[in-house]
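To start, the structure itself, in structure tokens.
Residue numbers (the numbering used here): 2 to 393.
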């Protein structure tokens, strides 16, 4: 069976993440959306990726095993990249029907080859006769945060209560059967792993330093570090190669990002290659307990949520003691510093409050940052970042 994982027209509402990521890289729970689909496929299935034109060169570099934006798309099942798929749902849609949630196309079957130039015509025709489906659809980044608690619990089915690494004898574990420790991982003296409210998964080669509190549900990605005395207070997802400290709750860190020092991070989505300086804090609740309006460049969203923190795009950095207000947007490549609360919309490549980053210096620094993690700043990513810079 051919499965065609497609981006819909919602990318603008997932900014700043969507500026530099295909939507199937959205992380909710222990996996991103692409990983979830791959976990469900058999060896006879083929996965095809359909992404925005500006994203295709980067996606082809990152995912060479997949056919990306072919000129002609073979017959198969189209599935929305912003949905959280599982094996049961993929089996459910395998019946030639068109499925929709809240007027958003979730899946459609095609019995014929389709030109990529006519794909939108196919979608517009298909959606006219449809059935509804109960599926998690991530329209905004905070949807991934609010869905995270239950999703981490479901994802624990892929793991077990094995303890393959080292746990110091003084570590306290509550609800041991809901704790997984991967190969070559370490939990230091005096730490507490409390899985009473949800599972804790510590992936391979993770270092939990002394005196840390980990309250589930929590997922800590491979090759990450949790610094001494850290507090992960539940519904926390750390992607691979993160270094964290201080207090974190109800937040997703996509991967390859650092929050090494004291400071609070709550109800926030942090993208890749971000560094939060010492004592960076965000508010996630208004003083009047009201619903939060979240602004992105050119738009304001009535979230109907009481708790939303800061959404930070790739390669952005904060100076020491940076303060973010409730519901703050930070674009790509921003360098944030200065006293008092920052603006609630910080556009891409801002330098402080009034200046703009030099693009060539930014690209040079970004290449250094990635090389320290054995990654490269590929020409396709440079091209995308340069395009974002020119549009600012």
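Even glycine gets a Cβ: it sits at the ideal position worked out from N, Cα and C.
Legend entry - Continuous beta strand (DSSP E) stretch holding residue 220: start and end: Reading the chain shown from its first residue, position 219 is the one you call residue 220. Counting along the chain, the beta strand (DSSP E) containing residue 220 begins and ends at 219-221.
Legend entry - Alpha carbon of residue 280 to alpha carbon of residue 246, nearest angstrom: Stepping through the chain shown from its first residue, residue 280 is reached at position 279. Stepping through the chain shown from its first residue, residue 246 is reached at position 245. In this structure, the CA atom of residue 280 is about 10 Å from the CA atom of residue 246.
Legend entry - Stretch-stretch touch, CB-based, cutoff 8 Å, three pairs: the region 136-147 with the region 301-319: Contact annotation: the region 136-147 touches the region 301-319, with at least three C-beta pairs closer than 8 Å.
Legend entry - Limits of the unbroken beta strand (DSSP E) element including residue 111: Position 110 of the chain shown, counting from 1, holds the residue named residue 111. Under the DSSP assignment, residue 111 falls in the beta strand (DSSP E) whose first and last residues are 105-111.
Inset, instruction - Keeping to the same chain, check which residues put their C-beta closer than 6 Å to that of residue 37; ignore five residues upstream and five downstream. - result: Translated into the one-based positions of the chain shown, residue 37 becomes position 36. Contacts found: 86.
Legend entry - Buried or exposed (CB count within 10 angstroms, at least 16 for buried), residue 4: Within the chain shown, residue 4 is the residue found at index 3, counting from 1. Under a 10 Å Cβ-count criterion, residue 4 is classified as buried, with 16 or more other Cβ atoms of the shown protein chains found around its own Cβ.
Legend entry - Three-state secondary structure assigned by DSSP to residue 308: Counting from one through the chain shown, the residue named residue 308 turns up at place 307. Of the three classes helix, strand and coil, the one that applies to residue 308 here is strand, per DSSP.
Legend entry - 8 Å CB neighbourhood of residue 296 in its chain, flanking five on each side removed: As a position in the chain shown, residue 296 is number 295, starting the count at 1. Closer than 8 Å at the Cβ level, and outside the excluded window around residue 296, lie 302, 328, 330, 345 and 346.
Legend entry - residue 64 and residue 102 closer than 8 Å at C-beta: On the chain shown, position 63 is the one that residue 64 refers to. On the chain shown, position 101 is the one that residue 102 refers to. Taking 8 Å as the cut-off, the Cβ atoms of residue 64 and residue 102 do not count as close.
Inset, instruction - List the endpoints of the continuous alpha helix (DSSP H) containing residue 361. - result: Translated into the one-based positions of the chain shown, residue 361 becomes position 360. From DSSP, the alpha helix (DSSP H) with residue 361 extends over 360-372.
Legend entry - Under 8 Å between C-beta atoms of residue 442 and residue 51: Outside the modelled stretch of the chain, which goes from 2 to 393, sits residue 442, for which no answer is possible.
Legend entry - CB contact flag (residue 241, residue 259, <8 Å): Residue mapping note: residue 241 aligns to position 240 of the chain shown, counting from 1. Residue mapping note: residue 259 aligns to position 258 of the chain shown, counting from 1. Contact: no.
Inset, instruction - Measure the CB-CB distance between residue 116 and residue 67 and report whether it falls below 8 Å. - result: Working through the chain shown from its first residue, we reach residue 116 at position 115. Working through the chain shown from its first residue, we reach residue 67 at position 66. Taking C-beta atoms as the reference points, residue 116 and residue 67 fail to come closer than 8 Å.
Inset, instruction - Go ahead and label residue 177 buried or exposed: buried means 16 or more other beta carbons lie within 10 angstroms of its beta carbon, across all protein chains shown. - result: Sequence index remark: in the chain shown, residue 177 carries index 176 (1-based). With fewer than 16 other Cβ atoms within 10 Å, it is exposed.
Legend entry - Whole-angstrom distance between residue 88 and residue 44, CA atom to CA atom: As a working note, residue 44 is residue 43 in the chain shown. As a working note, residue 88 is residue 87 in the chain shown. For residue 44 and residue 88, the distance between alpha carbons rounds to 14 Å.
Inset, instruction - Tell me, to the nearest whole angstrom, how far the beta carbon of residue 290 is from that of residue 367; I am working on the premise that it is less than 8 Å. - result: Position 289 of the chain shown, counted from the start, is the residue given in the question as residue 290. Position 366 of the chain shown, counted from the start, is the residue given in the question as residue 367. So it is not a contact: roughly 39 Å between Cβ atoms.
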